[in-house]
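Numbering (our numbering), first residue to last: 2 to 698. The beta carbon of each residue, even a glycine, is placed where N, CA and C say it ideally should be. All of these numbers come straight from a predicted model, not from anything done at the bench. In what follows, a single structure is set out as structure tokens and then discussed.
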Ligand code: NDP
């Protein structure tokens, strides 16, 4: 018995065959000779079938061009994955684009046929633009870790031009002058020479030292901070101490150049329809999904978070966000206002212009998506600065956008520390800042933004309450408390770290909590069985351990955890066991201050009014949760809690459709949902008179 081949698969195979026949035809008889009827004859199918799959000749050629261009992209990606240093990655792009098979007569002639038509056929123009952007963005990103941004841009453009030039020369000589090896050596020598020249005035090394897979920080545990060198950021895996990457810091000149490019690109982007912008975001969402495993691994290496989380949440929630705003983009609109028979009004919802996103280190890719998707959907350009500790996946997002067809300059990643962030917040050309970070950073950003009256959205810290009433389903409440404290090793802003449990069920709650928390598996973040990975840095781990010590000293009772985990290889990283304190009081440090680590404080309460008052007795107001079977009580309590994001009988679920953000010192504005559109657009009111102008003058 044979398993029937699914219909979709058959169609895909048939399409692929027709595309191959088209490439053959282009090589044999050129663009003019390649017709639908020709292809049908060669493939021995009816012309109607070819038209069914591809529409017309342009559609067929576009599909063939896309196949060739995708082939190169796949080969580049495979080679990039093997490359160790940025210089090797640049070489990978050169090697693949000038590989012997690109000089092969069949594909080469097909390419030439496409190039000849690119200026005249819209579909081909799109594919060619995406191909160019992808190559430039790959080159630029890697060059930027060796030389300053402006030089990286120009060298990337030069390399791309040389690749095209060498190839064109070979094609025009009918492949007589096609020497792939010589072309690659020549270009390699040119790149090395330029890097050497450019390195001189800036003091940056021409070719940075290769990554050391086993470098360990002096302190014996990973600490990205200890690797700081003037002008560069050294990115470290906090689980092992290994150096992942060395990146150049962007300064004032680079920020100015980025703003200038963004500003020009934004005007063209804003002139597109929402549906056109949405299509690009939709393609980016698909690309993110397709690269989920690879990007999740990169996120895990850079953040120390378990792969079982990053593969399920970090990349995919970013893709969900892009998809959500892709869908919404076409529906962004103002409103019509009736002003009686002689006039009406309407509002236009217009983009702000160039906006900036500044990210925290706990959800690097997700934060970059949460900020860029609504910004781009609304017609803005975004310059994004990731946290210095976790700068890698934002660069991948930049590549994904380029591949999806986002025009150059609309999403640019700049690298650096607070000083680079300040260059953005103080820049005249930037109209809005969206920050995710600590309360202190939020205040500094707001103060800096005031000088140019920028809009700000601030997603800041929290010390959120999670209230468990006596009638709650206990296992659900325990699960909620575990999710709300130990996911991402507790490095989640909305965590419910103050767990208020009703007096009558406290003992039972603690018992179940202890058993489940103690059984959590701390380990190598890349091991799919690991549930708790590494903290972000040695410095942060020391801070968390300091809180634990103070909790003990101030009289809280340790139920489980409370120590660093150093068994075997874990000793090289920043691992802390999930920690639960019982018998906590409202005035203890661990109860008042944001720890941002795997530390839960359990507090006892007796009645509803009391717990509401205590839950609200904090300067923060990011999130809150209530577990109870009495839904009337749930809504009553939630209505009185001072928090921007609340859960009833769950915790820390953040669907993209629901606005997310804080009140009080936890922030301003909202991300996600339709609410975010308010923060990335401005209203223009228009009065339209339908009659004569009456004037007393
Ligand atoms: P920080 O506030 O230290 O940093 C956030 C970002 O701001 C980083 O990119 C940082 O650069 C940059 N930055 C720092 N100072 C300035 C400045 N003066 N001007 C402009 N930019 C600046 O936060 P963390 O990265 O340590 O992240 C943890 C914090 O983020 C926690 O408080 C957490 O609660 C909060 N957070 C809030 C979320 C929310 O949605 N409400 C979600 C996630 C985290 P660099 O680090 O490179 O120096």
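| Item | Value |
| --- | --- |
| With DSSP run on the structure shown, which of helix, strand or coil describes residue 447? | helix |
| Please classify residue 268 as buried or exposed, where buried requires at least 16 neighbouring CB atoms within 10 angstroms. | exposed |
| Rounded to whole angstroms, how far is the Cβ of residue 157 from the Cβ of residue 137, which I believe are closer than 8 Å? | 5 Å |
| Do residue 536 and residue 577 have their beta-carbon atoms positioned less than 8 Å apart in this structure? | yes |
| Tell me which residue opens and which closes the beta strand (DSSP E) that residue 337 is part of. | 337-339 |
| Is the number of C-beta pairs between the region 256-270 and the region 377-384 that are closer than 8 Å three or more? | yes |
| Contact check, residue 565 vs residue 591 under 8 Å by CB: the rounded distance? | At roughly 17 Å, the Cβ-Cβ gap does not stay under 8 Å, so residue 565 and residue 591 are not in contact. |
| Could you check what DSSP says for residue 470 in three-state terms: helix, strand or coil? | coil |
| I'd like to confirm something about residue 449: is its beta-carbon nearer than 7 Å to some heavy atom of ligand 1, or not? | yes |
| Secondary structure at residue 347, three-state DSSP: helix, strand or coil? | strand |
| Can residue 359 be considered in contact with ligand 1, in the sense that its beta carbon sits closer than 7 Å to one or more heavy atoms? | yes |
| Secondary structure at residue 247, three-state DSSP: helix, strand or coil? | strand |
| Below 8 Å between beta carbons: does that hold for residue 353 and residue 432? | yes |
| Just to check, is the beta-carbon of residue 389 closer than 7 Å to a non-hydrogen atom of ligand 1? | yes |
| Cβ-heavy atom distance between residue 439 and ligand 1 below 7 Å? | yes |
| Along the chain, which unbroken stretches of the alpha helix (DSSP H) at least 4 residues long are found entirely within the region 491-567? | 507-519, 539-554 |
| What span of residues does the beta strand (DSSP E) with residue 334 cover, start to end? | No beta strand (DSSP E) contains residue 334, which DSSP labels as neither H nor E. |
| Could you check how far apart the C-beta atoms of residue 463 and residue 495 are, in whole angstroms? I think they sit under 8 Å. | 6 Å |
| DSSP state of residue 147, grouped into three classes? | coil |
| Give the secondary structure of residue 686 by DSSP, where H, G and I count as helix, E and B as strand, and everything else as coil. | strand |
| Taking 8 Å as the cut-off, decide whether the C-beta atoms of residue 666 and residue 595 are in contact. | no |
| Under 8 Å by Cβ, that's how I've got residue 567 and residue 581 pegged, so tell me the actual separation to the nearest angstrom. | That pair is no contact at about 20 Å. |
| Return the CA-CA distance between residue 639 and residue 299, expressed in angstroms with no decimal places. | 38 Å |
| Taking the alpha helix (DSSP H) that residue 256 falls in, what are its first and last residues? | 253-271 |
| What separation, rounded to the nearest whole angstrom, lies between the Cα atoms of residue 626 and residue 310? | 22 Å |
| Does the Cβ of residue 494 lie closer than 7 Å to at least one heavy atom of ligand 1? | yes |
| I want to check one thing, is the minimum distance from the CB of residue 70 to the heavy atoms of ligand 1 below 7 Å? | no |
| Spatial neighbours of residue 617 within its chain, please: CB distance less than 6 Å, with the 5 preceding and 5 following residues excluded, ordered by chain position. | 643 |
| Counting Cβ pairs closer than 8 Å, one from the region 481-489 and one from the region 388-396, do we hit at least three? | no |
| Please name the residue or residues paired with residue 70 in a DSSP beta bridge. | Residue 70 pairs with nothing; no bridge assigned. |
| Grab me the residues of residue 415's own chain with a C-beta within less than 8 Å of its C-beta, minus the 5 sequence neighbours each way, in chain order. | 150, 251, 255, 256, 259, 384, 385, 386, 421, 425 |
| Check the DSSP bridge columns for residue 357 and list the partner residues they point to. | 384, 434 |
| Please go through the region 586-636 and give each complete beta strand (DSSP E) segment of 3 or more residues, from N-terminal end onward. | 600-606, 624-628 |
| I need the straight-line Cα distance from residue 266 to residue 236, nearest angstrom please. | 30 Å |
| Indicate the three-state DSSP secondary structure (helix, strand or coil) for residue 232 in the structure shown. | coil |
| Counting Cβ pairs closer than 8 Å, one from the region 667-674 and one from the region 509-519, do we hit at least three? | no |
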